[in-house]
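Student: Protein chains in written order, with this note's numbering: chain C, 1 to 213; chain U, 214 to 426.
Don't be surprised by glycine CBs; every beta carbon is placed ideally from N, CA and C.
Number of protein chains: 2
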Amino acid sequence: MTDDLGLRERKKLATRQALCDAALKLALAEGVTTLTPERIAEKVHVSPRTFRNYFSSKEEAIVAGLQDRAQQVAENLRRRPADEPIWESLRAVLVPSLDTGMPGPDLRHLLGLIRCHHALLAEHLTSFEALSRQMAEVIAERTGTDVNRDIYPRLLADVSGIALKASLGLWATGTTGRGLGDIFGEALDLLSRGLPRPAVAPEHSADTGPPAT
Amino acid sequence: MTDDLGLRERKKLATRQALCDAALKLALAEGVTTLTPERIAEKVHVSPRTFRNYFSSKEEAIVAGLQDRAQQVAENLRRRPADEPIWESLRAVLVPSLDTGMPGPDLRHLLGLIRCHHALLAEHLTSFEALSRQMAEVIAERTGTDVNRDIYPRLLADVSGIALKASLGLWATGTTGRGLGDIFGEALDLLSRGLPRPAVAPEHSADTGPPAT
DNA sequence: GGAAAACTTGCACGTTCGGAAAAAAGACGT
DNA sequence: ACGTCTTTTTTCCGAACGTGCAAGTTTTCC
Numbered sequence: 001m002t003d004d005l006g007l008r009e010r011k012k013l014a015t016r017q018a019l020c021d022a023a024l025k026l027a028l029a030e031g032v033t034t035l036t037p038e039r040i041a042e043k044v045h046v047s048p049r050t051f052r053n054y055f056s057s058k059e060e061a062i063v064a065g066l067q068d069r070a071q072q073v074a075e076n077l078r079r080r081p082a083d084e085p086i087w088e089s090l091r092a093v094l095v096p097s098l099d100t101g102m103p104g105p106d107l108r109h110l111l112g113l114i115r116c117h118h119a120l121l122a123e124h125l126t127s128f129e130a131l132s133r134q135m136a137e138v139i140a141e142r143t144g145t146d147v148n149r150d151i152y153p154r155l156l157a158d159v160s161g162i163a164l165k166a167s168l169g170l171w172a173t174g175t176t177g178r179g180l181g182d183i184f185g186e187a188l189d190l191l192s193r194g195l196p197r198p199a200v201a202p203e204h205s206a207d208t209g210p211p212a213t
Numbered sequence: 214m215t216d217d218l219g220l221r222e223r224k225k226l227a228t229r230q231a232l233c234d235a236a237l238k239l240a241l242a243e244g245v246t247t248l249t250p251e252r253i254a255e256k257v258h259v260s261p262r263t264f265r266n267y268f269s270s271k272e273e274a275i276v277a278g279l280q281d282r283a284q285q286v287a288e289n290l291r292r293r294p295a296d297e298p299i300w301e302s303l304r305a306v307l308v309p310s311l312d313t314g315m316p317g318p319d320l321r322h323l324l325g326l327i328r329c330h331h332a333l334l335a336e337h338l339t340s341f342e343a344l345s346r347q348m349a350e351v352i353a354e355r356t357g358t359d360v361n362r363d364i365y366p367r368l369l370a371d372v373s374g375i376a377l378k379a380s381l382g383l384w385a386t387g388t389t390g391r392g393l394g395d396i397f398g399e400a401l402d403l404l405s406r407g408l409p410r411p412a413v414a415p416e417h418s419a420d421t422g423p424p425a426t
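(1) When the Cα of U:TYR365 is compared with those of U:MET348, U:LEU377, U:GLU301 and U:ALA400, which residue comes out closest?
(2) With 16 other CB atoms within 10 Å as the buried threshold, where does C:THR145 fall?
(3) Going straight from the alpha carbon of C:CYS20 to that of C:ALA29, what length do you get?
(4) Show which residues of chain U have a CB atom less than 7 Å away from the CB atom of C:LYS165.
(5) CB-CB under 7 Å to U:VAL445, same chain, minus the five flanking residues each way: which ones, in chain order?
(6) Taking the beta carbon of U:LYS378 as the centre, do at least 16 other beta carbons fall within 10 Å, making it buried, or is it exposed?
(7) Let's test the definition: count the other Cβ atoms within 10 Å of the Cβ of C:GLU123 and tell me whether it reaches 16, buried, or not, exposed.
(8) Is the beta carbon of U:LEU383 less than 9 Å from the beta carbon of C:ARG154?
(9) Cβ of C:TYR152 less than 9 Å from any chain U Cβ?
(10) Looking at the structure shown, is C:MET135 part of a helix, part of a strand, or coil, going by DSSP?
(11) At a Cβ cut of 9 Å, what residues of the region 80 to 101 of chain C count as close to chain U, listed as they run along the chain?
(12) Which residues, in order along the region 390 to 411 of chain U, keep a beta-carbon less than 8 Å from a beta-carbon of chain C?
(13) Would you grab the beta carbon distance between C:GLY194 and U:ARG406 for me? Rounded to a whole angstrom, and I think it's under 8 Å.
(14) Indicate whether U:LEU239 and U:ARG252 have their beta-carbon atoms separated by less than 9 Å.
(15) Taking the alpha-carbon of U:THR356 as reference, which of U:PHE264, U:LEU303 and U:GLN284 has the nearest alpha-carbon?
(16) Check this for me: beta carbons of U:ALA376 and U:ARG321, under 9 Å apart or not?
(17) Using 10 angstroms around the beta-carbon of U:LEU226, count the other beta-carbons present and answer buried if the total reaches 16, otherwise exposed.
(18) Leaving out five residues before and five after C:VAL147 in sequence, what residues of the same chain have Cβ atoms less than 8 Å from its Cβ?
(19) Report the neighbours of U:HIS331 on chain C: residues whose CB is nearer than 7 Å to its CB, in chain order.
(20) Can you grab the Cα-Cα spacing for the pair C:SER160 / U:LEU220, in whole Å?
(21) Would you call U:GLU399 buried or exposed, if buried means 16 or more other Cβ atoms sit within 10 Å of its Cβ?
(22) Confirm, please, whether the CB-CB distance from C:ALA157 to C:SER57 is below 9 Å.
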């Protein structure tokens, strides 16, 4: 990971990581509104001015972790074999992305903050949008379509994004006892079948989750 | 429309409308970065502080028109007969929403601005998100599902949103000679069929659009 | 070792944001 | 029509934010 990077590059990465870790930790601990860039900078022992060199707002720093992960998803998709069916490629890169490396309760808490805080939500959504654009390009390349002539790649990219978003949203409520991967699998299935109208009353759809894999 | 509202209410609505009209017009004319809240307020003959009472940023004012339209979509959906198939209800409210009441070139221009400007994009996306949340609730009600237990209503609401977003995005490029309604119809069709992989090379998929209905 | 490049930092300036209270305008009862 | 109450608009103002610049420090490269 930290392979052939010079000392300078590694340090930059390290402070960036430290900053967004601190931002996230403080946001979870004390909320977003009372949190100031100064405090974040202080915790990492850099000047407030340096914080601004990395992030243009506290909100950007807080969601930077998720955003970085989104970037990885796009890159991972690029790395999949070109002849793999596109839905399989998507599943292969999206499912692992569900593991954010954060403890579950913290992730729920963070999603709650994002949901309520306008600026945080905006930042989060733009990162999703950026991911979609990149994925649309890869999808177009893999399926022989054209981003600027066909609707298909945009739709498939966006659909992948909302599968993630909707699954996270439902999981974050905590009202279903199901795991995130389980919910996400169902979402992909439903989407790939064109969202058929549910029988009538799913009643206990949460019962004994179907094996995702 | 302006029925049983007192003079005070009507005036409020009027200034709000005037403000977001002015914001949009100025943004289209001179760009977003150089535009200041002062100028917008000045054009409507109110103080800058009043502008802030209505909108918390110039970006919010610029996209307020689209946002209001999104609100209407949600309300129109609520008004559809409860026994109508949900896909038909969605089509019935979304298709008319394509007519933004703006001249085509202006709309393209605006979408271009939104696409490039981070703050504008963020504002625009949050309005889409707000729309999705409302639509998810209505969809849940109509289909006998539960927003907090089933993934279905969230997915269907989000899918409707991206059908709009992707169609607008493709149409705005102007590289297909097709109409917005045409593109949107194809998007809904594809989505309702689970985004089947396109044959292989659509080659000239833009040719003589397929009859949507 | 030393020059060049990059990063950090403090300072300063203009802008933005939002609260508080006075002034203006509408609503309402008599 | 008048006075009073409520709501909106406005002025004033201080705090926070964002950004450019130049000096100081660290890393890189020769």
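Tutor: A quick look at the data gives this:
(1) For the purposes of this step, residue 365 of chain U is identified with residue 152 of the second sequence, where counting begins at 1. Closest option to U:TYR365, Cα to Cα, is U:MET348.
(2) Within the first sequence, the letter at position 145 stands for residue 145 of chain C. The residue is buried, with at least 16 neighbouring Cβ atoms inside 10 Å.
(3) To locate residue 20 of chain C, count along the first sequence from 1; it is residue 20. To locate residue 29 of chain C, count along the first sequence from 1; it is residue 29. About 14 Å.
(4) The residue you call residue 165 of chain C lines up with position 165 of the first sequence. Those are ASP371, listed as they occur along chain U.
(5) With chain U running from 214 to 426 in the structure shown, residue 445 of chain U is simply not present.
(6) The residue given as residue 378 of chain U occupies position 165 in the second sequence. Buried.
(7) By one-based count along the first sequence, residue 123 of chain C stands at place 123. Of the other Cβ atoms in all chains shown, 16 or more fall within 10 Å of the Cβ of C:GLU123; this residue is therefore buried.
(8) Taking the first residue of the second sequence as position 1, residue 383 of chain U is located at position 170. Taking the first residue of the first sequence as position 1, residue 154 of chain C is located at position 154. For U:LEU383 and C:ARG154, yes; Cβs fall inside 9 Å.
(9) Position 152 of the first sequence holds residue 152 of chain C. Closer than 9 Å to some Cβ of chain U, the Cβ of C:TYR152 qualifies, so yes.
(10) Translated into positions along the first sequence, residue 135 of chain C becomes position 135. Three-state DSSP puts C:MET135 in a helix.
(11) PRO85, ILE86 and TRP87
(12) Those residues of the region 390 to 411 of chain U that come within reach of chain C (Cβ to Cβ, closer than 8 Å) are ILE396, GLU399, ALA400, LEU403, LEU404, SER405, ARG406, GLY407, LEU408, ARG410 and PRO411.
(13) Position 194 of the first sequence, counting from 1, holds the residue named residue 194 of chain C. Position 193 of the second sequence, counting from 1, holds the residue named residue 406 of chain U. The Cβ separation is near 5 Å, so the contact holds.
(14) On the second sequence, residue 239 of chain U is found 26 positions in, with the first residue counted as 1. On the second sequence, residue 252 of chain U is found 39 positions in, with the first residue counted as 1. Yes; because the gap between Cβ atoms is below 9 Å, this pair is in contact.
(15) By one-based count along the second sequence, residue 356 of chain U stands at place 143. Here the closest residue by C-alpha is U:LEU303.
(16) As a first step, residue 376 of chain U is located in the second sequence; it is residue number 163 there, counting from the start. As a first step, residue 321 of chain U is located in the second sequence; it is residue number 108 there, counting from the start. No, these two residues do not count as a Cβ contact at 9 Å.
(17) Looking up residue 226 of chain U in the second sequence gives position 13. So U:LEU226 ends up on the exposed side.
(18) Position 147 of the first sequence, counted from the first residue, corresponds to residue 147 of chain C. These residues qualify, in order along the chain: ALA136, GLU137, ALA140, PRO153 and ARG154.
(19) Walking along the second sequence from the start, residue 331 of chain U turns up at place 118. Going along chain C in sequence order, the residues near U:HIS331 (Cβ under 7 Å) are THR126.
(20) The residue given as residue 160 of chain C occupies position 160 in the first sequence. The residue given as residue 220 of chain U occupies position 7 in the second sequence. The C-alpha of U:LEU220 is placed about 48 Å away from the C-alpha of C:SER160.
(21) Sequence index remark: in the second sequence, residue 399 of chain U carries index 186 (1-based). With 16 or more neighbouring CB atoms inside 10 Å of its own CB, U:GLU399 falls in the buried class.
(22) For the purposes of this step, residue 57 of chain C is taken as the residue at position 57 of the first sequence. For the purposes of this step, residue 157 of chain C is taken as the residue at position 157 of the first sequence. No, these two residues do not count as a Cβ contact at 9 Å.
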